[in-house]
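For the sequence shown, position 8 matches number 8 in this note's numbering, and the numbering has no gaps at all. Every residue, glycine too, gets a C-beta built ideally from N, C-alpha and C. For reference, the structure discussed in these notes is given below.
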Amino acid sequence: MVMKRLSEYLFFWTLGGTLYYSFEMIFRGFSHWSMFMLGGFCLVFCIQQGIWTGWDSPLWLQVLWCSVFVTTGEFITGILVNKVMHWHVWDYSDQPFQLMGQICIPFAVLFSGLCVVGIFLGSYLMHFLYGEKIPHFHVL
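Shown next, in the form of structure tokens:
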């Protein structure tokens, strides 16, 4: 059971990292390995929150939880890679409603859309690949 769960986490962490890194390459033209790491953790969280709740929570609430997790993860990662390590991976200082150049509302909204994709993709892959409960989503 432990090895099965570990393989699930590794698979989804790698998938999330690959998808987010690719997303940045397509839309920004570059990315950074730290974004691979963060993207992986975010997809794992999108799946884990659904497992914890049996996929029974309203979709809007799952998206809210995941969006808060992603935005918090981006802020912490940004402080580490941009402020502490001085790698200058991103800077939202020119964006409206930003905090220390590490997070901003426009990108938080964009990431909430990616959370929807992560929730659906992760839940159905968990079902089809690992035999987990089939999700039944409801909005309210």
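Runs of the alpha helix (DSSP H) lying entirely within the stretch 4-76 and spanning at least 4 residues, in chain order: 33-53.
Separation of Phe107 and Phe36 (C-alpha to C-alpha, rounded to the nearest whole angstrom) is 17 Å. Distance between Phe69 and Cys42, taken at the CA atoms: about 7 Å. Under the DSSP assignment, His138 falls outside any alpha helix (DSSP H); it carries neither an H nor an E label. For Glu24, the closest C-alpha among the options Cys66, Gln62, Phe45, Phe111 is that of Phe111. Under DSSP, no beta-bridge partner is assigned to Cys115.
Around the Cβ of Val81, a 10 Å sphere holds 16 or more other Cβ atoms; the residue is buried. Comparing alpha-carbon positions, the option among His86, Trp55, Trp87, Gly118 lying closest to Cys66 turns out to be Gly118. In the displayed model, Ile103 falls within a strand according to three-state DSSP.
Taking C-alpha positions only, Gln102 is separated from Leu61 by approximately 24 Å. Spanning the alpha carbons of Leu114 and Phe97 requires a straight line of approximately 20 Å.
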